[in-house]
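Engineer: Under full-length UniProt numbering, the letters of the sequence shown match residues 2 to 839, in that order. C-beta: ideal position from N, C-alpha, C; glycine also.
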Amino acid sequence: TGRFDPNVADRRWQARWEEARSFAADSESAKPKTYVLEMFPYPSGRIHMGHVRNYTMGDVIARYRRMQGHEVLHPMGWDAFGMPAENAAMERNVHPGEWTWANIATMREQLKRLGFALDWDRELATCDPAYYGHEQALFLDLFEAGLVYRKESEVNWDPVDMTVLANEQVIDGKGWRSGAPVERRKLAQWFLRITDFADELLEGLKSLDQWPDKVRVMQENWIGKSRGLQFRFRLTGSSANLQEVDVFTTRPDTIFGASFVAVAASHPIALAAAEADADAHAFVEECRAGGTSAAELETAEKKGFQTSVEAVHPFNPDWRLPVYIANFVLMDYGTGAIFGVPGHDQRDYEFAKKYKLPIRRVVAASTDQASEPIGAEAENAPGVAVNSDFLDGLTSGQASAEVIRRAEQAGWGRGTTAYRLRDWGVSRQRYWGTPIPIIHCSVCGAVPVPSAQLPVVLPEDVSFDVPGNPLDRHPTWKYVSCPSCGEAATRETDTLDTFVDSSWYFMRFASQPKDRPFDRTEAEKWLPVAQYIGGVEHAILHLLYARFWTRALQRIGRLGMAEPFKGLFTQGMVTHETYRAGDGSWLSPDEVRRDGDDWIHIESGHPVSLGRIEKMSKSKRNTVDPEPIVAKYGADAVRWFMLSDSPPERDLEWSEAGIEGASRFVQRVWRLATAENGGEGEDETLRRKLHRTVAAVGEAIDGLQFNKAVAQLYELVSAIEKAAPSQTRAEAVRTLIQLIAPMAPHLAEEAWANLGEAGLVAEADWPSFDPALLVDDQVTLAVQVNGKLRDTLMAPRGLERAAAEELALASEKVQRLLAGATPRKVIVVPDRLVNIVA
Ligand code: ANZ
Ligand code: ZN
2 TGRFDPNVAD RRWQARWEEA RSFAADSESA KPKTYVLEMF PYPSGRIHMG HVRNYTMGDV
62 IARYRRMQGH EVLHPMGWDA FGMPAENAAM ERNVHPGEWT WANIATMREQ LKRLGFALDW
122 DRELATCDPA YYGHEQALFL DLFEAGLVYR KESEVNWDPV DMTVLANEQV IDGKGWRSGA
182 PVERRKLAQW FLRITDFADE LLEGLKSLDQ WPDKVRVMQE NWIGKSRGLQ FRFRLTGSSA
242 NLQEVDVFTT RPDTIFGASF VAVAASHPIA LAAAEADADA HAFVEECRAG GTSAAELETA
302 EKKGFQTSVE AVHPFNPDWR LPVYIANFVL MDYGTGAIFG VPGHDQRDYE FAKKYKLPIR
362 RVVAASTDQA SEPIGAEAEN APGVAVNSDF LDGLTSGQAS AEVIRRAEQA GWGRGTTAYR
422 LRDWGVSRQR YWGTPIPIIH CSVCGAVPVP SAQLPVVLPE DVSFDVPGNP LDRHPTWKYV
482 SCPSCGEAAT RETDTLDTFV DSSWYFMRFA SQPKDRPFDR TEAEKWLPVA QYIGGVEHAI
542 LHLLYARFWT RALQRIGRLG MAEPFKGLFT QGMVTHETYR AGDGSWLSPD EVRRDGDDWI
602 HIESGHPVSL GRIEKMSKSK RNTVDPEPIV AKYGADAVRW FMLSDSPPER DLEWSEAGIE
662 GASRFVQRVW RLATAENGGE GEDETLRRKL HRTVAAVGEA IDGLQFNKAV AQLYELVSAI
722 EKAAPSQTRA EAVRTLIQLI APMAPHLAEE AWANLGEAGL VAEADWPSFD PALLVDDQVT
782 LAVQVNGKLR DTLMAPRGLE RAAAEELALA SEKVQRLLAG ATPRKVIVVP DRLVNIVA
């Protein structure tokens, strides 16, 4: 007894769980199986508060399901390949592997210190050949199945560092290290055929009813299915081999509002123009410079170059449209060419303003608004067609259908579907990734590495003193003989995008044979993941790629399911106040102290201005390192605070006051657990409260509303504290310990032992409740005199009419109103109302 000392208790119980192998998942178990997974961390150095919040939530579910009698798989591993390790190598002259494995060791200890119920036997790191070798095997399976191919594609090229840059290394069109304007270059790269699955991936979203709607919408938009019309414009004034241009539109109904046709800078028409004309050539070059990301293209100023060619309007041979090369038309969407309707598309509107092209209205809210001019912005909403010949008066939908019908009949176009989704480019010109297991032979072409030669292991002896890919310049690694003809050949030196590593790690967690990526039967015992938890920043790419990988493996018969994650939850961020010194520099929370309403820089004594509450980040210096906090308050207080203050999908503001409150609560529970609770007799009120809490906490955890569960537990603790010792109170304390076990597991174990219970509470049953005790036994009776509400009274449920009448008449307020008179009539609605007619 005395105070609960987390520094002793935390270690004690962590050791006991490990000894008892409490969290080892047994795939042979007959219990129902539940797979709980949090997105595995990138081993960047240390655990941060975001990790703590994420893993605490998953841990509550895992422990709760285990107590409910499920066999739970709750694994942990490391998303260990990627750029930061190479950056560290360049900056600090350490090998990326050394840096990564050291970080893993630190972070593993930090996670263990928090007491998460993890099956450490299944730990994996994606940078381990024992992991990525299987990834290479899977890649080759997809290659065999025709789902992998190689093609030329544009990359960001840093002309000073002579290296390929990832999109996030291009800042305002410049290389992040060199500061040189980035160029686009063509390189042969590897792709996965995710577009083959575009429709499936879209349709599959409908079945994911345990996913947040916003994530489903984001994925839907990313896949971006558009129905429309693809059709040909005849060209005039062009060379013999370029007599037509194909365009794609989702708004065929606006065809009479066309003011121009525009093609992408790498469209054949643009290339032909560039060959013939120096100015066109310069413009095409200008479009090439700059980053390749869609966001960059979207925000850039709309610019064009008018070619000498004209397009003939499909419904009027006398109507000619100028043909431009435009920087906002993408080569790899639709056909790489469009017709522009400035009145009803904002990009076209800006373009028309700049080049003084007509802006016509062809859609209006109603036909009588046909002559309203278009204002300061394009109107993209549908309506009815106006100023559009035979389409006039039709709704936008009808008009589109009519144009498609006529185009198909006349043979110059057809209704089609376009997807925004592109095939997944997985080539990275980097060292710290999974080597792509292909050998290039001048005779045989691209030859898969034979499976007996897997894994293709990264060479250790590499240097980062010069830019570029160390695999490329390694003296021996890439020189091999062709597996098929035996001639001298070279290895592929590209490595796989790290999103490939995270597209199947949950399968490997479920089953880890040495000789294969996973065993299908074994994996299917656990998959799909019942509850997946992570940040919303992975809502699109990671989840889409993992869904694709699952479907691809299903297609080639490796796995019998289409969707990997049944339930998905995206948690909010951990935020903190920000602090700024007089010179505008950011100060960290431990450099400042509070002085009444002011903040002071501890070292200089100067005043500090309080900034906004923002996501913890290195740039704003408002991070709080979990490790010293855990050392000071213990794991349970930190876990409890992570769950208590905000709904889990919202941001949580870290505060000293909050963690201290959580720590006080831990001691309060400990005092209860060590108090004299037992005594004579029962306590009906406390019993009802207890059963209601058991029901409500279970319901809250089921619904991932951890803050509600916490609020219920606060209430129960207060109720127990107020109750006199009794048999019920002793029972209530015991049940309380079970209920807090998923959230504050060390405290719960210590208390459980203190109560004299045998075994671990982590392995105890989840408490049950009696539904009969949930029903409220008291009702509120409304008492009216002559139809007016005069009083409300508490009464036992099911009170007889006569007794209700008697109770109402006894009310002081009623007696005052009646002033001794006998009521003429009394109307009783049982359990609801008594109306006295005077
Ligand atoms: C004429 C039109 C009129 C259009 C109008 C829109 C509004 P979503 O819905 O995203 O699929 N477009 C087609 N291919 C393009 C490309 N390669 N690069 C840039 N823009 C392209 O967008 C389809 C619309 O985007 C198409 O419909 C086309 O412009 C443009 F009032 O055609 B629309
Ligand atoms: Zn060969």
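Using a threshold of 8 Å, is the CB atom of residue 490 nearer than that to any non-hydrogen atom of the ligand ZN?
Structural biologist: Position 489 of the sequence shown, counting from 1, holds the residue named residue 490. It does: the Cβ of residue 490 is within 8 Å (strictly closer) of some heavy atom of the ligand ZN.
Engineer: Grouping DSSP H, G and I as helix and E and B as strand, with all else coil, what is residue 776?
Structural biologist: Within the sequence shown, the letter at position 775 stands for residue 776. Of the three classes helix, strand and coil, the one that applies to residue 776 here is coil, per DSSP.
Engineer: Please report the straight-line C-alpha distance between residue 791 and residue 777, rounded to a whole angstrom.
Structural biologist: For the purposes of this step, residue 791 is identified with residue 790 of the sequence shown, where counting begins at 1. For the purposes of this step, residue 777 is identified with residue 776 of the sequence shown, where counting begins at 1. Answer to the nearest angstrom: the Cα atoms are 24 Å apart.
Engineer: Under 8 Å by Cβ, that's how I've got residue 331 and residue 343 pegged, so tell me the actual separation to the nearest angstrom.
Structural biologist: On the sequence shown, position 330 is the one that residue 331 refers to. On the sequence shown, position 342 is the one that residue 343 refers to. Rounded, the Cβ-Cβ distance is 19 Å, inconsistent with contact.
Engineer: Can the beta-carbon of residue 234 be found less than 9 Å from the beta-carbon of residue 335?
Structural biologist: Working through the sequence shown from its first residue, we reach residue 234 at position 233. Working through the sequence shown from its first residue, we reach residue 335 at position 334. Not in contact: residue 234 and residue 335 (Cβ atoms no closer than 9 Å).
Engineer: With H, G and I counted as helix, E and B as strand and the rest as coil, what does DSSP make of residue 918?
Structural biologist: The requested residue 918 is not part of the displayed model; the chain covers only 2 to 839.
Engineer: Return the residue from the list 31, 133 and 54 that minimises the CA-CA distance to residue 535.
Structural biologist: Translated into the one-based positions of the sequence shown, residue 535 becomes position 534. If we check each option's Cα against that of residue 535, 54 comes out closest.
Engineer: By the three-class DSSP mapping on this structure, what secondary structure does residue 157 have?
Structural biologist: Within the sequence shown, residue 157 is the residue found at index 156, counting from 1. Note: residue 157 maps to strand in three-state DSSP.
Engineer: For residue 785, which three-state DSSP category applies?
Structural biologist: On the sequence shown, position 784 is the one that residue 785 refers to. Residue 785 falls in the strand class under three-state DSSP.
Engineer: Taking 8 Å as the line, does the beta carbon of residue 481 fall inside it for any heavy atom of the ligand ZN?
Structural biologist: Position 480 of the sequence shown, counted from the start, is the residue given in the question as residue 481. Checking the Cβ of residue 481 against the ligand ZN gives no.
Engineer: Looking at residue 448 and the ligand ZN, is the gap between the Cβ and the nearest heavy atom below 8 Å?
Structural biologist: By 1-based counting over the sequence shown, the position of residue 448 is 447. For the ligand ZN, at least one heavy atom lies less than 8 Å from the Cβ of residue 448.
Engineer: If you count every other CB in all the chains shown that lies within 10 Å of the CB of residue 623, and 16 or more means buried, which is it?
Structural biologist: Here residue 623 refers to the residue found at position 622 when the sequence shown is read from its first residue. Classification for residue 623: buried.
Engineer: On a CA-only basis, which of 240, 436 and 694 is nearest residue 774? Give me that one, please.
Structural biologist: Working through the sequence shown from its first residue, we reach residue 774 at position 773. Nearest of 240, 436 and 694 to residue 774, Cα basis: 694.
Engineer: Please give me, in chain order, every unbroken run of the alpha helix (DSSP H) with length at least 4 that falls completely inside the region 377-449.
Structural biologist: 397-411, all fully within the region 377-449.
Engineer: For residue 345, is the beta carbon positioned less than 8 Å from some heavy atom of the ligand ANZ?
Structural biologist: Along the sequence shown, one-based indexing puts residue 345 at 344. Yes, the Cβ of residue 345 comes within 8 Å of a heavy atom of the ligand ANZ.
Engineer: Just to check, is the beta-carbon of residue 227 closer than 8 Å to a non-hydrogen atom of the ligand ANZ?
Structural biologist: Indexing the sequence shown from 1 puts residue 227 at position 226. Flag set: Cβ of residue 227 near the ligand ANZ.
Engineer: So residue 326 and residue 341 are in contact, right, with Cβ under 8 Å, and what is the actual spacing, rounded?
Structural biologist: By one-based count along the sequence shown, residue 326 stands at place 325. By one-based count along the sequence shown, residue 341 stands at place 340. Residue 326 to residue 341, Cβ: 13 Å. No contact.
Engineer: For residue 74, collect the residues of the same chain with a Cβ closer than 6 Å to its Cβ; drop the 5 residues on either side in sequence, then sort them by chain order.
Structural biologist: Here residue 74 refers to the residue found at position 73 of the sequence shown. Counting only Cβ-Cβ distances below 6 Å, and skipping sequence neighbours, we find 26, 36 and 527.
Engineer: Which residue from 620, 560, 570 and 571 puts its Cα closest to that of residue 589?
Structural biologist: Position 588 of the sequence shown, counted from the first residue, corresponds to residue 589. For the residues 620, 560, 570 and 571, the minimum Cα distance to residue 589 belongs to 620.
Engineer: Flag residue 258 as yes when its Cβ comes closer than 8 Å to any non-hydrogen atom of the ligand ANZ, and as no otherwise.
Structural biologist: Within the sequence shown, the letter at position 257 stands for residue 258. Indeed, a heavy atom of the ligand ANZ lies less than 8 Å from the Cβ.
Engineer: Taking the Cβ atom as the reference point for each residue, do residue 190 and residue 228 lie within a distance shorter than 9 Å?
Structural biologist: The residue labelled residue 190 in the question sits at position 189 within the sequence shown. The residue labelled residue 228 in the question sits at position 227 within the sequence shown. No. Outside cutoff.
Engineer: Give the DSSP-derived three-state secondary structure of residue 37 in the structure shown.
Structural biologist: Position 36 of the sequence shown, counting from 1, holds the residue named residue 37. Strand at residue 37.
Engineer: Thinking just about the alpha-carbon of each residue, which of 45, 827, 523 and 537 is nearest to the one in residue 571?
Structural biologist: On the sequence shown, position 570 is the one that residue 571 refers to. Of 45, 827, 523 and 537, the residue nearest in Cα terms is 537.
Engineer: Throw me the rounded Cβ distance for the residue 188 and residue 153 pair, which I believe falls under 8 Å.
Structural biologist: Counting from 1 along the sequence shown, the entry for residue 188 is found at position 187. Counting from 1 along the sequence shown, the entry for residue 153 is found at position 152. About 7 Å; that satisfies the 8 Å criterion.
Engineer: Taking the alpha-carbon of residue 647 as reference, which of 838, 711 and 472 has the nearest alpha-carbon?
Structural biologist: Sequence index remark: in the sequence shown, residue 647 carries index 646 (1-based). Minimum Cα distance to residue 647 is reached at 711.
Engineer: Rounded to whole angstroms, how far is the Cβ of residue 429 from the Cβ of residue 496, which I believe are closer than 8 Å?
Structural biologist: The residue given as residue 429 occupies position 428 in the sequence shown. The residue given as residue 496 occupies position 495 in the sequence shown. Confirmed, Cβ separation roughly 5 Å.
Engineer: Measure from the alpha carbon of residue 682 to the alpha carbon of each residue in 798, 666, 727 and 676, then state which is nearest.
Structural biologist: For the purposes of this step, residue 682 is identified with residue 681 of the sequence shown, where counting begins at 1. Considering only alpha carbons, the answer is 727.
Engineer: If we count the other Cβ atoms within 10 Å of its Cβ and call it buried at 16 or more, is residue 651 buried or exposed?
Structural biologist: If you number the sequence shown from 1, residue 651 lands on position 650. Answer is exposed; the Cβ neighbour count stays below 16.
Engineer: Taking only runs of the alpha helix (DSSP H) that begin and end inside the UniProt domain "Aminoacyl-tRNA synthetase class Ia" (422-578), which ones reach a length of at least 4 residues, in chain order?
Structural biologist: Counting whole runs of 4 or more residues, the UniProt domain "Aminoacyl-tRNA synthetase class Ia" (422-578) contains the alpha helix (DSSP H) stretches 471-474, 499-502, 506-511, 521-527 and 542-556.
Engineer: Closer than 8 Å: is that where the CB of residue 405 sits relative to any heavy atom of the ligand ANZ?
Structural biologist: Along the sequence shown, one-based indexing puts residue 405 at 404. No - the ligand ANZ has no heavy atom lying nearer than 8 Å to the Cβ of residue 405.
Engineer: Starting from the Cα of residue 539, find the closest Cα among 512, 562, 216 and 740 and give me that residue.
Structural biologist: Here residue 539 is taken as the residue at index 538 of the sequence shown, counted from 1. Cα-wise, what sits closest to residue 539 is 216.
Engineer: Do residue 435 and residue 137 count as a contact pair if the criterion is CB distance below 9 Å?
Structural biologist: Here the question's residue 137 lines up with position 136 in the sequence shown. Here the question's residue 435 lines up with position 434 in the sequence shown. Their beta carbons are under 9 Å apart, which means residue 137 touches residue 435 by this criterion.
Engineer: Helix or strand or just coil, what does DSSP make of residue 334?
Structural biologist: Position 333 of the sequence shown, counting from 1, holds the residue named residue 334. Coil.
Engineer: What residues are listed by DSSP as bridge partners for residue 836?
Structural biologist: Your numbering for residue 836 matches position 835 in the sequence shown. Beta-bridge pairing links residue 836 to 785 and 828.
Engineer: Could you give the distance in angstroms between the alpha-carbon of residue 43 and the alpha-carbon of residue 425?
Structural biologist: For the purposes of this step, residue 43 is identified with residue 42 of the sequence shown, where counting begins at 1. For the purposes of this step, residue 425 is identified with residue 424 of the sequence shown, where counting begins at 1. About 22 Å.
Engineer: If residue 483 sits next to residue 440, beta carbons under 8 Å apart, how far is it from one beta carbon to the other, in whole angstroms?
Structural biologist: Here residue 483 is taken as the residue at index 482 of the sequence shown, counted from 1. Here residue 440 is taken as the residue at index 439 of the sequence shown, counted from 1. About 6 Å; that satisfies the 8 Å criterion.
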